[in-house]
Amino acid sequence: MSDTLFTKIINRQIPAEIVYEDDLCFAIKDINPQAPVHLLLIPKKPIDMLAHAGEEDQALLGHMMLAVGKITRELKIDSAFRLAVNNGADAGQSVFHLHMHILAGRPFHWPPG
Ligand code: 5GP
Numbered sequence: 006m007s008d009t010l011f012t013k014i015i016n017r018q019i020p021a022e023i024v025y026e027d028d029l030c031f032a033i034k035d036i037n038p039q040a041p042v043h044l045l046l047i048p049k050k051p052i053d054m055l056a057h058a059g060e061e062d063q064a065l066l067g068h069m070m071l072a073v074g075k076i077t078r079e080l081k082i083d084s085a086f087r088l089a090v091n092n093g094a095d096a097g098q099s100v101f102h103l104h105m106h107i108l109a110g111r112p113f114h115w116p117p118g
């Protein structure tokens, strides 16, 4: 299987602004930001979508949720941010390598559109 866009980014084959990296995941600035802060937190393991994560990914997914806390505290946006995962094309997913959108810096409405 060929590398995903995000695998190419973490392998430094495609440029991106990487704002966080550890052994299991990394965060980049979204190329088309939908808020003053718009990051994508991505596992290095190329799971195509959340629904296809398995029991073996339990620690990885927990690790990523804690990374969200770490990143948002460091950026001082931890008092208000939105975390979103688009799962499947009909939900707006366009890159089929699991990622969490971290959005902050403006008011967010509910329900999301
Ligand atoms: P999705 O629509 O799959 O939930 O989110 C994919 C996100 O990746 C979109 O918000 C899109 O703007 C972002 N994106 C697509 N291509 C690139 C790229 O080459 N670099 C960066 N930094 N973000 C990208």
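Each residue of the sequence shown is one higher than the one before, counting from 6 in the working numbering.
Using N, Cα and C, we set each Cβ at its ideal position, and we do this for glycine too.
Worksheet entry | Inter-residue Cα distance where the pair is residue 10 and residue 36 | Each residue's Cα considered, the two are about 12 Å apart.
Worksheet entry | Within the stretch 22-88, ranges of the beta strand (DSSP E) (whole runs, at least 3 residues) | Taken in chain order, the whole beta strand (DSSP E) runs of length 3 or more contained in the stretch 22-88 are 23-26, 30-34 and 42-48.
Discussion item. Check this for me: beta carbons of residue 53 and residue 104, under 8 Å apart or not?
Written reply: no
Worksheet item: Roughly how many whole angstroms lie between the Cα atoms of residue 8 and residue 14?
Response: 10 Å
Discussion item. Just checking residue 104 against the ligand 5GP - is the residue's beta carbon closer than 7 Å to any of the ligand's heavy atoms?
Written reply: Because some heavy atom of the ligand 5GP lies under 7 Å away, the Cβ of residue 104 counts as near it: yes.
Worksheet item: So, using beta-carbon positions, are residue 65 and residue 51 closer together than 8 Å?
Response: No, the pair does not count as a contact, with Cβ atoms beyond the cut-off.
Worksheet item: Any idea if residue 3 is buried or exposed, counting beta-carbon neighbours within 10 angstroms, 16 or more meaning buried?
Response: The first residue shown for the chain is 6 and the last is 118, placing residue 3 beyond what the model contains.
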